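Counting the sequence shown from 1 gives a position; the working numbering is that position plus 253.
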Amino acid sequence: MTQKTTLNETHRRLGAKMVDFGGWDMPLHYGSQIEEHHAVRRDCGMFDVSHMCAVDLVGPDAGKFLLRLVANNVEKLKTPGKALYTAMLNEDGGVVDDLIVYFIEEGRFRLVVNAGTAEKDLAWMNTRQAEWKSDVRITPRRDLSIIAVQGPNAKAKVWQALPEARAATENLKPFFAATVGDCFIATTGYTGETGFEITLPSSGVEAFWQKLLDLGVKPVGLGARDTLRLEAGMNLYGQDMNDAVSPLDAGLAWTVDLDAPRDFVGKSALLAHPQQKQFLGLLLLDKGGVLRAHQKVLSAHGDGEITSGSFSPTLQQSIALARLPIETAVGETVKVEIRDKKLDARVVKPCFVRNGKALV
254 MTQKTTLNET
264 HRRLGAKMVD
274 FGGWDMPLHY
284 GSQIEEHHAV
294 RRDCGMFDVS
304 HMCAVDLVGP
314 DAGKFLLRLV
324 ANNVEKLKTP
334 GKALYTAMLN
344 EDGGVVDDLI
354 VYFIEEGRFR
364 LVVNAGTAEK
374 DLAWMNTRQA
384 EWKSDVRITP
394 RRDLSIIAVQ
404 GPNAKAKVWQ
414 ALPEARAATE
424 NLKPFFAATV
434 GDCFIATTGY
444 TGETGFEITL
454 PSSGVEAFWQ
464 KLLDLGVKPV
474 GLGARDTLRL
484 EAGMNLYGQD
494 MNDAVSPLDA
504 GLAWTVDLDA
514 PRDFVGKSAL
524 LAHPQQKQFL
534 GLLLLDKGGV
544 LRAHQKVLSA
554 HGDGEITSGS
564 FSPTLQQSIA
574 LARLPIETAV
584 GETVKVEIRD
594 KKLDARVVKP
604 CFVRNGKALV
């Protein structure tokens, strides 16, 4: 059965085109995906991301549990509110899910996991908790909603809507969070722009959304969310990685701590099977096609495959993320099979746009 966020009827009143996304009825766009994309790059936009699942971990063993559960090292989290991007791995080193871990205080953490994998993730965590006999309570917080407000003017708009939040968040560094009343406000996002992701009780989300709407913040759907994250070089679970893909081959080696003496699920597999592929960006040079997922990439070092691709509204060119032979270097020209053509593309670093500026 398709699930709905608290804002579902609000999206429909705003004329959103609704689609199924990971079992959730979500807005694809509200009229123009391109206009929504540019709004985030040039001004600000807001996303209903309440389909994502916040999960609270509380108990004496919460920290120790996460040390074994995720590939990054939660011992890095010393300051309350600090966040860490990481992945849960299976025993073979594949990615169960990518997620964010927030350190609230000793014995208390919050995770935010993907919508389509939430039930799988919870089952995985509960199985590990029972297996390790960890004294930790794992609680999915479906009583909460999440709104992301992103763009160069995003913070100013949030402070207008929530004046009491300014003092706590004005000097908040990236990947930190602060609690303001019943709002959990984090300097995280999925667009390559500044802004906040705000978790609040679902009972108050419609009023908060309306405040932002009245301030001129543009609603943005999944379509623009995808082109924004692609321009920013951010992975999408199910496309750029999955249970069968190592984080080392998905450009996520920086989220894996293999040096600390601790053990974690999947560590032995990663040590036994080092990086096999490069995860890089592609910029289409020829006209006559658009880079899309699963297209074959031909290089002097062997074949690769595009994992995510689209037309970039900011660059006005087609871009992609791709898994390529490990010898592939930035600056090389490769061929991409698009229908019956082989078109030239340049290999670039896997980040095309950040903070409204082209990086390629």
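For glycine and all other residues, C-beta sits at the position ideal for the given N, C-alpha and C. Note that this is a predicted model, so its numbers are computed, not measured.
task = Please classify Gln-463: is it buried, with 16 or more other beta-carbons within 10 angstroms of its beta-carbon, or exposed?
result = exposed
ask   = Looking at Gln-286 and Ala-477, is the spacing between their C-beta atoms short of 8 Å?
value = yes
Contacting residues, own chain, Cβ-Cβ under 8 Å from Ser-565 (five flanking each side not counted) = Thr-480, Leu-483, Glu-484, Ser-571, Ile-572, Phe-605 and Val-606
key: Spatial neighbours of Thr-259 in its chain, beta-carbon cut-off 6 Å, leaving aside the 5 residues before and after   = Ser-398, Ser-455 and Val-458
request  = Indicate the three-state DSSP secondary structure (helix, strand or coil) for Ser-521 in the structure shown.
outcome  = helix
query = Is there contact between the region 376-385 and the region 519-528, where contact requires at least three CB pairs shorter than 8 Å?
reply = no
message = Going by beta-carbon coordinates alone, are Leu-524 and Leu-511 separated by less than 8 Å?
response = yes
inquiry  = Using C-beta distances below 8 Å, list every residue in its chain close to Lys-602, excluding the 5 sequence neighbours before and after it, in chain order.
reply    = Gly-486, Leu-533, Gly-534, Val-583, Leu-612 and Val-613
query = Relative to the C-alpha of Leu-267, which residue among Val-327, Thr-441 and Pro-472 is closest?
reply = Pro-472
message = Any contact between the region 574-590 and the region 408-422? By contact I mean 3 or more CB pairs, one from each, below 8 Å.
response = no
query = How would you write the range of the beta strand (DSSP E) that Glu-358 sits in, first residue to last?
reply = 348-358
key: Close beta carbons around Gly-542, own chain, < 8 Å, minus the five adjacent residues each side   = Ser-571, Val-589, Ile-591, Arg-592, Lys-594 and Leu-596
Beta-carbon proximity list for Gly-312, same chain, < 7 Å, skipping 5 on both sides = Gly-360, Asp-388, Val-389 and Arg-390
Given 8 Å, three or more beta-carbon pairs between the region 354-372 and the region 544-563 = no
request  = Tell me whether Pro-500 is buried or exposed, calling it buried when 16 or more other Cβ atoms sit within 10 Å of its Cβ.
outcome  = buried
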